[in-house]
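One line per chain: the protein sequences are A and B, in this order. Letter by letter, the first sequence follows residues 7 to 376 of this note's numbering. Letter by letter, the second sequence follows residues 414 to 603 of this note's numbering. The structure appears right after this line, and notes come after that.
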Amino acid sequence: MHADPEPAERYRLWPPRRPILAAMATSAIVVAGLAGGLAYAGGLFSPDRLTPSGIVDTFQNVNGVHPGFRRNHTKGACISGTFESTGAGARLSKAVVFAPGTRPVTGRLAVAVGKPFVPDNETLVRSLALRFELPDGEEWRTGMNDIPVFPVPTAQDFNGLLVATAADPATGKPDPARISAFLAAHPKAAGALKRIKERPFTAGFADASYNSLNAFRFIAADGTITPVRWSLVALDSSPADPAGASKPTDPDYLFDDFAARLGRGPVQWRLVATIAQPGDPTDDATQPWPEGRETVDLGTLTVDHIDAEASGNCRDVNFDPLVLPSGIAPSDDPLLSARSAAYSVSFTRRAGEAKTPSEVQFPAKEGNPQ
Amino acid sequence: MSRPSRLPVFPALSRLLHWLMAVMILAMLFIGIGMEASLSNYNWLLSVHRPLGIAILILAAGRLINRQFNPPPPLPSGMPVWLRFAAHASHIGLYGLMFAVPLIGWAMLSAARYPVVLYGGLVLPPILPQNDMVFAVLRSTHTVLAFTLFALILAHIGAALMHAIGFRDGVFQSMASVRRLRPDPASGGQ
Numbered sequence: 007m008h009a010d011p012e013p014a015e016r017y018r019l020w021p022p023r024r025p026i027l028a029a030m031a032t033s034a035i036v037v038a039g040l041a042g043g044l045a046y047a048g049g050l051f052s053p054d055r056l057t058p059s060g061i062v063d064t065f066q067n068v069n070g071v072h073p074g075f076r077r078n079h080t081k082g083a084c085i086s087g088t089f090e091s092t093g094a095g096a097r098l099s100k101a102v103v104f105a106p107g108t109r110p111v112t113g114r115l116a117v118a119v120g121k122p123f124v125p126d127n128e129t130l131v132r133s134l135a136l137r138f139e140l141p142d143g144e145e146w147r148t149g150m151n152d153i154p155v156f157p158v159p160t161a162q163d164f165n166g167l168l169v170a171t172a173a174d175p176a177t178g179k180p181d182p183a184r185i186s187a188f189l190a191a192h193p194k195a196a197g198a199l200k201r202i203k204e205r206p207f208t209a210g211f212a213d214a215s216y217n218s219l220n221a222f223r224f225i226a227a228d229g230t231i232t233p234v235r236w237s238l239v240a241l242d243s244s245p246a247d248p249a250g251a252s253k254p255t256d257p258d259y260l261f262d263d264f265a266a267r268l269g270r271g272p273v274q275w276r277l278v279a280t281i282a283q284p285g286d287p288t289d290d291a292t293q294p295w296p297e298g299r300e301t302v303d304l305g306t307l308t309v310d311h312i313d314a315e316a317s318g319n320c321r322d323v324n325f326d327p328l329v330l331p332s333g334i335a336p337s338d339d340p341l342l343s344a345r346s347a348a349y350s351v352s353f354t355r356r357a358g359e360a361k362t363p364s365e366v367q368f369p370a371k372e373g374n375p376q
Numbered sequence: 414m415s416r417p418s419r420l421p422v423f424p425a426l427s428r429l430l431h432w433l434m435a436v437m438i439l440a441m442l443f444i445g446i447g448m449e450a451s452l453s454n455y456n457w458l459l460s461v462h463r464p465l466g467i468a469i470l471i472l473a474a475g476r477l478i479n480r481q482f483n484p485p486p487p488l489p490s491g492m493p494v495w496l497r498f499a500a501h502a503s504h505i506g507l508y509g510l511m512f513a514v515p516l517i518g519w520a521m522l523s524a525a526r527y528p529v530v531l532y533g534g535l536v537l538p539p540i541l542p543q544n545d546m547v548f549a550v551l552r553s554t555h556t557v558l559a560f561t562l563f564a565l566i567l568a569h570i571g572a573a574l575m576h577a578i579g580f581r582d583g584v585f586q587s588m589a590s591v592r593r594l595r596p597d598p599a600s601g602g603q
């Protein structure tokens, strides 16, 4: 056995002895391997893959960057009220929110466009997001739209749809040829958009019904899993009230009408779960479930207050559809994880930006006809 | 030749904690970067990321306490001053980041008003009041410090391999050995 070197020799790096060279080479290979592995996990070698940041970039490309605002459903207002559970949902889900009782609820009404100052009459989809604060720090957040199905089954297709329907810089209008090409290549989107167009278009927020669109799983206390979709079914009839009928000259007529409607009393919706039968698609939000599926009346949402977005209220809440209490779980719908990821990016970006007051103010902004 | 003398290695609990946390922290860094880059895997990776981060925080505290009762064996007497300094400084950095990265993760979720769900209905309380600007700063800090931790881990692995293959001074064996004692390189053992 060779004699071991003295300390001064043992730790000498230059000029390197053979063992030092071998160690440096091994270290370099291991370190490069780990760093390369991390870069791979981070998507550095797959630049064409759509990422959460990538889809939010698409929203920004299509709508422009509006600092401090959500990248989609940008124009909105904060609501609050209560949810009175019937207790009927408790056999399907152990979530505390479905036990009998009344809980405070906050939320947000919005139009599904990525521009904060868009006139309401240029929008086609309304949304209602809710946040239930439950005991022990649990929460249930859900974002719903007044459309029967989602236009596309995946985030990649949604990105494609955004690009295909974006205004052409030359004309300022979407290019019909590009839209046709997208729909021809995406028959599911064509079918879903037809259903969306054919839905009854309500006068305002109060008489619209809102759907979860994505499927979820209710988990009962005994572990039974039930695939469901849920809806807020309006109790106001449409048109809500001839006296409060839309004023197309008011760019914020949806919000102003809702505030006026609240002046006459709270607005209510029934929260209804629709139960899937075996074979009903849970992974494709473009596909409606057949008529006549069993429904469960979970309770009544009563909204009695609307406020402009401000620091600390619904403006600063990410209505991530996967903030769920124990007893509600995601389905296999790929849109859910994608929505959660993209909302998170949108929230992170706007959180760090200076805020501009919302177009929607109460009482209505001066100059807007009331 | 006489039988080589033996030197102490790290106590068994220290070695167990080291290798357990090595796997957990490396997995955590890959999960963290992977979930930020993936639409389809985001949710399940995030659901692992949060409880794993809290587990690392708890184990880091346990490790610091264990270190008081089970001190590490001394570095070889022949190690030059610059190398001792590098060893001590990098370990202070590693310990600091093992606490800072998960704590900032918890704090940033608190500032953003996200419930910090560990598993099922188990939710951690917020440790900061709601403030979206604070969230934005902590969110960036979380990423920067996670990359710093990764860089320090790479340096740590590189240094360990230098000890194992280059210096052959027994430092690597004091953590990588499964026995209670390691050969003393100064006595001719290897």
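Note that beta-carbon positions come from the ideal geometry of N, C-alpha and C, so glycine has one too.
Please check the pair Met150(A) and Tyr46(A), which I expect to be a contact at CB under 8 Å, by giving their CB distance rounded to whole angstroms. Within the first sequence, numbered from 1, the residue matching residue 150(A) stands at position 144. Within the first sequence, numbered from 1, the residue matching residue 46(A) stands at position 40. That pair is no contact at about 37 Å.
Residues of chain B with CB closer than 8 Å to the CB of Leu342(A), please, in chain order. For the purposes of this step, residue 342(A) is taken as residue 336 along the first sequence, with counting starting at 1. Asn456, listed in chain order.
Determine the direct distance from the alpha carbon of Arg97(A) to that of Val366(A), and round the result to whole angstroms. As a working note, residue 366(A) is residue 360 in the first sequence. As a working note, residue 97(A) is residue 91 in the first sequence. In this structure, the CA atom of Val366(A) is about 40 Å from the CA atom of Arg97(A).
To the nearest angstrom, how far is the alpha carbon of Asp247(A) from that of Ala209(A)? As a position in the first sequence, residue 247(A) is number 241, starting the count at 1. As a position in the first sequence, residue 209(A) is number 203, starting the count at 1. Its pLDDT being 46, under 50, Asp247(A) is placed unreliably in this model, and the value from its coordinates should be taken loosely. Each residue's alpha carbon lies about 9 Å from the other.
Compare the beta carbon distance of Ser587(B) and Pro484(B) with 8 Å and say whether it is the shorter of the two. On the second sequence, residue 587(B) is found 174 positions in, with the first residue counted as 1. On the second sequence, residue 484(B) is found 71 positions in, with the first residue counted as 1. No; because the gap between Cβ atoms is not below 8 Å, this pair is not in contact.
Using C-beta distances below 7 Å, list every residue in its chain close to Gly542(B), excluding the 5 sequence neighbours before and after it, in chain order. By 1-based counting over the second sequence, the position of residue 542(B) is 129. Here residue 542(B) turns out to be Pro, not Gly, going by the sequence shown. Contacts found: none.
Go ahead and label Ile505(B) buried or exposed: buried means 16 or more other beta carbons lie within 10 angstroms of its beta carbon, across all protein chains shown. The sequence position of residue 505(B) within the second sequence is 92, counting from 1. Exposed.
Under 9 Å (Cβ pairs) to chain A, residues found in the segment 565-593 of chain B: From the segment 565-593 of chain B, only Ile566, Leu567, Ala568, Ile570, Gly571, Ala572, Ala573, Leu574, Met575, His576, Ala577, Ile578, Gly579, Phe580, Arg581, Asp582 have a Cβ closer than 9 Å to chain A.
Contact defined as beta carbons within less than 8 Å: I believe Val111(A) pairs with Arg526(B). What is the distance between those atoms, to the nearest angstrom? By 1-based counting over the first sequence, the position of residue 111(A) is 105. By 1-based counting over the second sequence, the position of residue 526(B) is 113. Actually they are not in contact, since the Cβ atoms of Val111(A) and Arg526(B) sit about 15 Å apart, beyond 8 Å.
Looking at the unbroken alpha helix (DSSP H) that takes in Val547(B), where does it start and where does it end? Counted from its first residue, the second sequence places residue 547(B) at position 134. First-last of the alpha helix (DSSP H) with Val547(B): 545-574.
Distance check for Thr292(A) and Ala564(B), CA to CA, integer angstroms please. Here residue 564(B) is taken as the residue at index 151 of the second sequence, counted from 1. Here residue 292(A) is taken as the residue at index 286 of the first sequence, counted from 1. Ala564(B) and Thr292(A): Cα-Cα distance of roughly 45 Å.
State the start and end residues of the unbroken beta strand (DSSP E) segment that holds Ser86(A). Taking the first residue of the first sequence as 1, we reach residue 86(A) at position 80. Where Ser86(A) is concerned, the enclosing beta strand (DSSP E) stretches over 81-91.
Using the three-state DSSP reduction, which class does Glu128(A) fall into: helix, strand or coil? Against the first sequence, residue 128(A) aligns to sequence position 122. Glu128(A) falls in the helix class under three-state DSSP.
So, helix, strand or coil for Pro248(A), using DSSP? Here residue 248(A) is taken as the residue at index 242 of the first sequence, counted from 1. Unreliable positioning characterises Pro248(A) in this predicted model, as indicated by a pLDDT of 49, which lies under 50. A coordinate reading is not provided.
Against chain A, with Cβ distances strictly below 8 Å, would Pro487(B) count as a contact? The residue labelled residue 487(B) in the question sits at position 74 within the second sequence. For Pro487(B), the answer is no, since every Cβ of chain A falls outside 8 Å of its Cβ.
Do we get a CB-CB distance below 8 Å when we pair Phe548(B) with the residues of chain A? In the second sequence, counting from the first residue as 1, residue 548(B) sits at position 135. So yes, Phe548(B) belongs to the interface.
Can you name the start and end residues of the beta strand (DSSP E) that Trp236(A) belongs to? For this step, residue 236(A) is matched to residue 230 along the first sequence. Counting along the chain, the beta strand (DSSP E) containing Trp236(A) begins and ends at 231-240.
Please go through the same chain and pick out, in chain order, the residues whose beta-carbon is closer than 7 Å to the beta-carbon of Gly287(A), but skip the five residues on each side of it. Mapped onto the first sequence, residue 287(A) falls at position 281. In the sequence on display, residue 287(A) carries Pro and not Gly. If we look at Pro287(A) and ignore the five residues flanking it on each side, its Cβ neighbours are Gln293.
Rounded to a whole number of angstroms, what is the C-alpha to C-alpha distance between Gly43(A) and Arg76(A)? For the purposes of this step, residue 43(A) is identified with residue 37 of the first sequence, where counting begins at 1. For the purposes of this step, residue 76(A) is identified with residue 70 of the first sequence, where counting begins at 1. CA-CA distance, Gly43(A) to Arg76(A), rounds to 33 Å.
Cβ-heavy atom distance between Gly42(A) and the ligand GTP below 7 Å? This structure lacks the ligand GTP, and indeed carries no ligand of any kind.
If the cut is a Cβ gap below 7 Å, which residues of chain B does Glu145(A) touch? Residue mapping note: residue 145(A) aligns to position 139 of the first sequence, counting from 1. Near Glu145(A) (Cβ distances below 7 Å), the residues of chain B are Pro528.
Output the distance between the C-alpha atoms of Leu439(B) and Pro141(A), rounded to the nearest integer angstrom. Taking the second sequence and counting its residues from 1, one reaches residue 439(B) at position 26. Taking the first sequence and counting its residues from 1, one reaches residue 141(A) at position 135. Answer to the nearest angstrom: the Cα atoms are 35 Å apart.
Who pairs with Gln274(A) in a beta bridge, going by DSSP? Against the first sequence, residue 274(A) aligns to sequence position 268. Thr308(A).
Locate the beta strand (DSSP E) running through Met492(B), then write down its first and last residues. Position 79 of the second sequence, counting from 1, holds the residue named residue 492(B). Where Met492(B) is concerned, there is no enclosing beta strand (DSSP E), given that its DSSP letter is neither H nor E.
Look at Met434(B) and Ile467(B) and say whether their C-beta atoms are less than 8 Å apart. As a first step, residue 434(B) must be located in the second sequence, where it is residue number 21. As a first step, residue 467(B) must be located in the second sequence, where it is residue number 54. Going by C-beta atoms, Met434(B) is not nearer than 8 Å to Ile467(B).
For Arg201(A) versus Pro154(A), is the C-beta distance shorter than 8 Å? Working through the first sequence from its first residue, we reach residue 201(A) at position 195. Working through the first sequence from its first residue, we reach residue 154(A) at position 148. Contact: yes.
My guess is that Thr6(A) and Arg235(A) are in contact by the Cβ rule of under 8 Å, so how many angstroms apart are they, rounded? The structure shown has nothing for residue 6(A), since chain A only spans 7 to 376.
Using a Cβ-Cβ cut-off of less than 8 Å, list which residues of the segment 488-501 of chain B approach chain A; keep chain order. Going along the segment 488-501 of chain B in chain order, one finds Pro489, Ser490, Gly491, Met492, Pro493, Leu496 with a Cβ nearer than 8 Å to chain A.
Which residues in the same chain as Gly107(A) place their Cβ atom closer than 7 Å to its Cβ, once the five residues preceding and following it in sequence are excluded? By one-based count along the first sequence, residue 107(A) stands at place 101. Only Ser91 meet the Cβ criterion.
Using only CA atoms, which one of Ile578(B), Asp597(B), Leu594(B) lies nearest to Pro25(A)? By 1-based counting over the first sequence, the position of residue 25(A) is 19. It is Ile578(B) whose Cα lies nearest to the Cα of Pro25(A).
My assumption, with CB atoms under 8 Å, is that Ser33(A) sits in contact with Leu574(B). Please give the rounded CB distance. Here residue 33(A) corresponds to residue number 27 of the first sequence, with the count starting at 1. Here residue 574(B) corresponds to residue number 161 of the second sequence, with the count starting at 1. Rounded, the Cβ-Cβ distance is 4 Å, consistent with contact.
Considering only the alpha carbon of each residue, which of Leu488(B), Ile566(B), Leu551(B), Pro493(B) lies closest to Met511(B)? Indexing the second sequence from 1 puts residue 511(B) at position 98. Comparing alpha-carbon positions, the option among Leu488(B), Ile566(B), Leu551(B), Pro493(B) lying closest to Met511(B) turns out to be Ile566(B).
Cutoff 8 Å; reference Ala314(A); Cβ partners in own chain excluding five residues on either side: Counting from 1 along the first sequence, the entry for residue 314(A) is found at position 308. Taken in chain order, the residues that qualify are Ala83, Cys84, Pro363, Ser364, Val366, Gln367, Phe368.
So what's Tyr46(A) in DSSP terms, helix, strand or just coil? For the purposes of this step, residue 46(A) is taken as residue 40 along the first sequence, with counting starting at 1. Here Tyr46(A) sits in helix by DSSP.
For Thr171(A), report the span of its alpha helix (DSSP H) as first-last. If you number the first sequence from 1, residue 171(A) lands on position 165. Per DSSP, Thr171(A) belongs to the alpha helix (DSSP H) from 161-171.
Are any of the Cβ atoms in chain A nearer than 8 Å to that of Ile446(B)? In the second sequence, residue 446(B) corresponds to position 33, counting from 1. Yes, Ile446(B) counts as interfacial toward chain A.
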